[in-house]
Amino acid sequence: RLVAVAGWRWVDEAAGKSQPAVWLFDPAARRLLRRLDVADNDRADRGTVRLSADGKRVFAAFQGDIRVWDARTGDELIRHRSKAGADAFAVSPDG
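Note that this note's numbering gives residue 55 to position 35 of the sequence shown, counting from 1, and the numbers run on in steps of one.
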């Protein structure tokens with residue numbers, strides 16, 4: 021089981037610069053497994069994250085950007101530029 025959280029991390033706090041990111045947690049062990057950075061999307065104002073039913077894929081939508089990662093390795097598998105906002109995002113039950 022995993023918990024995924026979408027948000028922003030400080031890149032340069034003094035300059036007020038942040039970037040979107042996704043954090044994956046193991047709730048049973050109460051620990052952070054990895055952070056998935058979205059370094060090249062500085063226009064996002066919202067983010068949505070979903071996990072596949074089997075927990076193998078992480079899907080995230082940030083304004084203008086949809087990405088898919090391998091949950092175990094953190095490798096980015098797919099990136100799709102989209103005009104849809106992060107609120108227009110869902111994952112089918114079969115992933």
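All C-beta atoms in this analysis are idealised placements derived from N, C-alpha and C, irrespective of residue type, glycine included. Since the structure is predicted, the reported quantities are computational estimates derived from the model, not experimental observations.
Counting only the Cα atoms, D114 lies some 7 Å from S72. Selection R87, P47, V23, V42 evaluated against H100 yields R87 as nearest (Cα-Cα).
Take the alpha-carbon of G67 and the one of A80: they are about 7 Å apart.
Boundaries for G36: no beta strand (DSSP E) harbours it, and the DSSP string shows neither H nor E there. Taking 8 Å as the upper bound for CB-CB distance, V58 and A24 are not in contact here, some 13 Å apart. Counting along the chain, the unbroken beta strand (DSSP E) around L53 starts and ends at 51-57. At the C-beta level, F45 and L56 stay beyond 8 Å of one another. Between D95 and K76, the C-beta spacing is not below 8 Å.
A Cβ-Cβ contact shorter than 8 Å links A41 with W28.
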